[in-house]
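In this note's numbering, the protein residues as written are 306 to 893.
Glycine included, each C-beta is placed from N, C-alpha and C at the ideal position.
Bear in mind the structure is a predicted one, so any value in this text is a computation, not a measurement.
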DNA sequence: GCCGTTTTCGGCCCGACTGTTTTCAGTCG
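1. Nearest to residue 536 by alpha carbon, out of 509, 565, 511, 730?
2. On the DSSP bridge assignment, give the partners of residue 763 in chain order.
3. Could you tell me whether the stretch 401-411 touches the stretch 338-355, where touching means 3 or more Cβ pairs closer than 8 Å?
4. Whose C-alpha, out of 675, 779, 383, 754, is nearest the C-alpha of residue 743?
5. How many angstroms separate the CA atom of residue 560 from the CA atom of residue 887?
6. Give every residue of the same chain whose Cβ lies closer than 6 Å to the Cβ of residue 373, excluding the five residues on either side of it in the sequence, and list them in chain order.
7. Is residue 419 buried or exposed, if buried means 16 or more other CB atoms sit within 10 Å of its CB?
8. Suppose the cutoff is 6 Å on Cβ atoms and the five residues either side in sequence are ignored; what does the same chain contact list for residue 826 look like?
9. Among 626, 724, 413, which has the Cα closest to the Cα of residue 321?
10. Measure the C-alpha to C-alpha separation of residue 600 and residue 594 and round it to an integer number of angstroms.
11. Considering only residues of the same chain and omitting the five flanking positions on each side of residue 404, which have a CB-CB separation below 6 Å?
12. How would you call residue 485, buried or exposed, if buried means at least 16 neighbouring beta carbons within 10 angstroms?
13. Suppose the cutoff is 6 Å on Cβ atoms and the five residues either side in sequence are ignored; what does the same chain contact list for residue 364 look like?
14. Pick from 797, 727, 847: whose alpha carbon is nearest that of residue 829?
15. Inspect the CB distances between the stretch 467-475 and the stretch 525-533 and report whether three or more fall short of 8 Å.
16. Taking the alpha carbon of residue 573 as the point to measure from, which residue in 612, 739, 699, 326 has its own alpha carbon closest?
17. Comparing C-alpha positions only, which one of 676, 824, 356 sits nearest to residue 375?
18. Apart from the five residues just before and just after residue 737, which ones in its own chain have a Cβ nearer than 8 Å to its Cβ?
19. If I follow the unbroken beta strand (DSSP E) through residue 488, where does it start and stop?
20. Only counting runs of 4 or more residues, tell me where the alpha helix (DSSP H) segments fall wholly within the stretch 785-859, in order along the chain.
21. I'd like to confirm the pairing. Which residues does DSSP put opposite residue 555 in its beta bridges?
22. Indicate the three-state DSSP secondary structure (helix, strand or coil) for residue 620 in the structure shown.
23. Give the DSSP-derived three-state secondary structure of residue 434 in the structure shown.
24. Taking 8 Å as the threshold (C-beta atoms), are residue 462 and residue 501 in contact?
25. Can you tell which of 309, 326, 460, 306 has its C-alpha closest to the C-alpha of residue 800?
26. With a 10 Å radius around its C-beta and 16 neighbouring C-beta atoms as the bar for buried, classify residue 314 as buried or exposed.
27. Tell me which residues share the same chain as residue 430 and place their Cβ nearer than 7 Å to its Cβ, disregarding the 5 neighbours each side in the sequence.
28. Considering just the uninterrupted stretch of the alpha helix (DSSP H) at residue 659, what are its terminal residues?
29. Select from 818, 824, 506 the residue whose C-alpha is nearest the C-alpha of residue 891.
30. Mind checking whether residue 820 and residue 806 have CB atoms under 8 Å apart?
31. Return the residue from the list 765, 697, 772 that minimises the CA-CA distance to residue 747.
32. Nearest to residue 690 by alpha carbon, out of 539, 504, 733?
33. Going by Cα to Cα distance, which pick from 655, 624, 653 is closest to residue 641?
34. Tell me whether residue 752 sits in a helix, a strand or coil according to DSSP, three-state version.
35. If you scan the stretch 427-481 from start to end, which runs of the alpha helix (DSSP H) of 4 or more residues do you find wholly inside it?
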């Protein structure tokens with residue numbers, strides 16, 4: 306896709322224009338870049354289909370932008386960008402990744418010291434040639450030095466399920482402070498994005514009784530105490546900043562945390578603002594402007610009078626909108642849908658009645674079937690499905706037909722035992738079978754037919770050519786014993802891209818065969834949000850599973866549920882919101 | 001440079017914090 310390449314160039318042009326102090330144009334280029342990244346169609350295809358006219362129908366793309374895009378598609382270059390780069394031949398995208406370095410400082414560093422890239426910057430820091438520069442100084446040089454160090458250690462954005470438990474530890478510490486009256490996670494963590502850049506907390510500090518109610522100093526002392534506590538947390542390696550209402554730190558684990566403290570009357574507006582996304586905020590602030598109002602983190606204002614701010618619901622209502630769930634706030638159509646009052650009634654974690662993709666110690670899993678079942682009961686589930694790997698996967702000690710039938714008997718006994726004790730819980734018996742290269746399943750059909758359900762997935766020869774891979778998948782999905790297609794695209798967040806698949810075709814096959822698509826809650830997070838939305842639109846049913854290999858991983862369901870919500874999924878799109886009997890009836 | 005149920009001209013989201021140029025530019029979210 307050329308979209309990302311062109312977007313990258315537009316971002317760069319925006320930076321160059323910022324350096325030249327050109328007004329408003331940088332914003333226009335940034336918006337065009339964001340827009341290109343957001344659309345799912347390839348600009349090259351759009352151009353072939355409808356020429357410049359169709360390009361200009363894209364949000365933020367006008368005459369000049371379509372000029373640039375046409376030029377890039379034809380020549381592979383954009384002249385304006387080449388000219389800028391000639392004047393300032395530096396690795397801009399790389400250098401501005403250093404915390405505290407922006408385009409203007411980068412320009413000075415090039416002009417004064419000839420710094421073109423990270424390597425040059427490191428050398429200059431070592432020689433202490435930065436501090437004497439006009440506009441820089443000792444502290445700036447030290448910040449650059451530390452920024453470089455952190456950049457080297459950085460693994461980029463973290464998987465949500467890796468970072469949320471760490472964030473919640475800090476959350477609990479802050480929540481326990483007597484000075485803290487209210488606290489919430491904000492940012493991409495609250496929106497449930499699959500990867501997280503930094504962790505944001507929003508806090509209301511308890512008013513200090515010493516001062517009069519409503520006085521500006523009312524909460525100042527407690528606010529300061531919370532700030533002091535925050536920057537002194539264990540694991541804090543660097544304090545980027547600490548003021549009266551806002552602090553930012555870098556953690557030893559390699560990510561940043563931000564804390565913002567606001568008065569109670571602004572809590573809702575601040576939560577709305579701090580949750581983002583930025584694109585959603587810009588959209589909501591524009592609605593405010595259209596109504597002659599002003600929206601900031603302090604509230605929604607008519608002139609200097611605050612008309613909403615205490616809760617998010619209040620802010621949205623005053624803008625003429627229903628409440629929009631954080632997972633939807635990406636400026637991907639949620640505002641228009643909200644205006645029409647047709648937002649989806651999103652599935653919730655508490656709607657989930659069981660988990661069908663769980664492994665036991667019969668194969669490579671860690672815990673026994675009974676222990677997995679007990680953990681599922683503790684989560685309030687009505688059932689758990691044991692779906693161990695099958696024989697082709699030797700590394701996971703996959704089960705063959707004989708062992709599967711033996712496992713069936715074992716599960717039958719467990720269920721009989723529950724019944725005797727009056728425990729209303731059921732263990733379902735499935736397997737996670739392998740789709741072999743020719744599309745057949747590695748377990749005989751007559752055995753598959755004896756299980757409660759069958760999950761099938763691609764676990765080998767991942768790098769097949771598209772047509773061949775699709776034939777393979779199609780054959781498996783058409784198998785009347787295959788109920789669920791596991792981790793359909795094969796991607797692993799931050800590690801592996803999706804296979805060469807045709808998702809539209811998968812949707813059509815799923816629709817025609819009644820095959821359920823899996824939303825896998827582990828580091829796969831597969832399906833991703835956009836695909837969930839498309840599946841829902843096609844009426845294809847999905848299931849949220851954890852792919853647990855030990856009991857603790859059952860808790861990953863939270864992330865799969867968030868992923869489903871980001872894909873606009875409702876309760877009736879997700880089959881494991883059904884009781885066991887109905888769920889089994891909904892399968893092939 | 002883009003955009004428009006108040007506009008084809010005149011706006012563009014909004015604010016915190018730091019370091020240094022001592023009054024505000026640069027950076028960040």
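Inspection of the coordinates gives the following:
1. As a working note, residue 536 is residue 231 in the first chain. The option with the nearest alpha carbon to residue 536 is 565.
2. In the first chain, residue 763 corresponds to position 458, counting from 1. None, per the DSSP bridge assignment.
3. The stretch 401-411 is not in contact with the stretch 338-355.
4. Counted from its first residue, the first chain places residue 743 at position 438. Selected option, being the one with the closest Cα: 779.
5. In the first chain, counting from the first residue as 1, residue 560 sits at position 255. In the first chain, counting from the first residue as 1, residue 887 sits at position 582. Looking at the two C-alpha atoms, the distance is approximately 44 Å.
6. Here the question's residue 373 lines up with position 68 in the first chain. Only 383 meet the Cβ criterion.
7. Taking the first chain and counting its residues from 1, one reaches residue 419 at position 114. Using a 10 angstroms sphere on the CB of residue 419, the tally of other CB atoms stays under 16, which defines it as exposed.
8. Within the first chain, the letter at position 521 stands for residue 826. 851, 861, 862, 864, 865, listed in sequence order.
9. Walking along the first chain from the start, residue 321 turns up at place 16. With respect to the C-alpha of residue 321, the residue from 626, 724, 413 having the closest C-alpha is 413.
10. Along the first chain, one-based indexing puts residue 600 at 295. Along the first chain, one-based indexing puts residue 594 at 289. Going by the C-alpha atoms only, they are around 8 Å apart.
11. In the first chain, counting from the first residue as 1, residue 404 sits at position 99. Taking C-beta separations shorter than 6 Å and ignoring five residues to either side along the sequence, the partners of residue 404 in its chain run 452, following chain order.
12. Within the first chain, the letter at position 180 stands for residue 485. Buried, by the Cβ-count rule.
13. The residue you call residue 364 lines up with position 59 of the first chain. Here the set comprises 340.
14. Along the first chain, read from residue 1 onward, the residue named residue 829 stands at position 524. When the alpha-carbon of residue 829 is set against those of 797, 727, 847, the nearest one is in 797.
15. Between the stretch 467-475 and the stretch 525-533 there are fewer than three C-beta pairs closer than 8 Å, too few to call the two in contact.
16. Position 268 of the first chain, counted from the start, is the residue given in the question as residue 573. Residue 573 has its Cα closest to that of 612, out of 612, 739, 699, 326.
17. For this step, residue 375 is matched to residue 70 along the first chain. For residue 375, the closest C-alpha among the options 676, 824, 356 is that of 356.
18. Stepping through the first chain from its first residue, residue 737 is reached at position 432. Sequence-distant partners of residue 737 (beyond 5 residues in either direction) whose C-beta falls short of 8 Å from its own C-beta, in its chain, are 662, 664, 692, 693, 694, 695, 760, 761, 762, 791.
19. Within the first chain, the letter at position 183 stands for residue 488. In the DSSP assignment, residue 488 falls within the beta strand (DSSP E) that extends over 485-491.
20. Scanning the stretch 785-859 for uninterrupted alpha helix (DSSP H) segments of 4 residues or longer gives 808-818, 834-843, listed from N- to C-terminal end.
21. Counted from its first residue, the first chain places residue 555 at position 250. DSSP, once it has assigned bridges, lists 543, 561 as partnering residue 555.
22. On the first chain, position 315 is the one that residue 620 refers to. Here residue 620 sits in helix by DSSP.
23. Looking up residue 434 in the first chain gives position 129. Coil, per DSSP.
24. The count along the first chain starts at 1 and reaches residue 501 at position 196. The count along the first chain starts at 1 and reaches residue 462 at position 157. At a Cβ-Cβ threshold of 8 Å, residue 501 and residue 462 count as neighbours.
25. As a working note, residue 800 is residue 495 in the first chain. Among 309, 326, 460, 306, the Cα nearest to that of residue 800 is on 460.
26. Within the first chain, the letter at position 9 stands for residue 314. Buried is the call here.
27. Your numbering for residue 430 matches position 125 in the first chain. Excluding its 5 nearest sequence neighbours in each direction, residue 430 has C-beta neighbours in its own chain below 7 Å: 446, 449, 450, 453, listed in chain order.
28. Taking the first residue of the first chain as 1, we reach residue 659 at position 354. Segment 659-663 is the beta strand (DSSP E) holding residue 659; no alpha helix (DSSP H) there.
29. To locate residue 891, count along the first chain from 1; it is residue 586. Of the candidates 818, 824, 506, the one whose C-alpha sits nearest the C-alpha of residue 891 is 818.
30. Translated into positions along the first chain, residue 820 becomes position 515. Translated into positions along the first chain, residue 806 becomes position 501. In this structure, residue 820 sits away from residue 806, with a CB-CB distance that is not shorter than 8 Å.
31. Position 442 of the first chain, counted from the start, is the residue given in the question as residue 747. Considering only alpha carbons, the answer is 697.
32. Looking up residue 690 in the first chain gives position 385. Closest by alpha carbon: 733.
33. The residue you call residue 641 lines up with position 336 of the first chain. Minimum Cα distance to residue 641 is reached at 624.
34. Residue 752 sits at position 447 when you count from the first residue of the first chain. The answer is helix: DSSP assigns residue 752 an H, G or I state.
35. Segments of the alpha helix (DSSP H) lying fully in the stretch 427-481: 443-458, 465-480.
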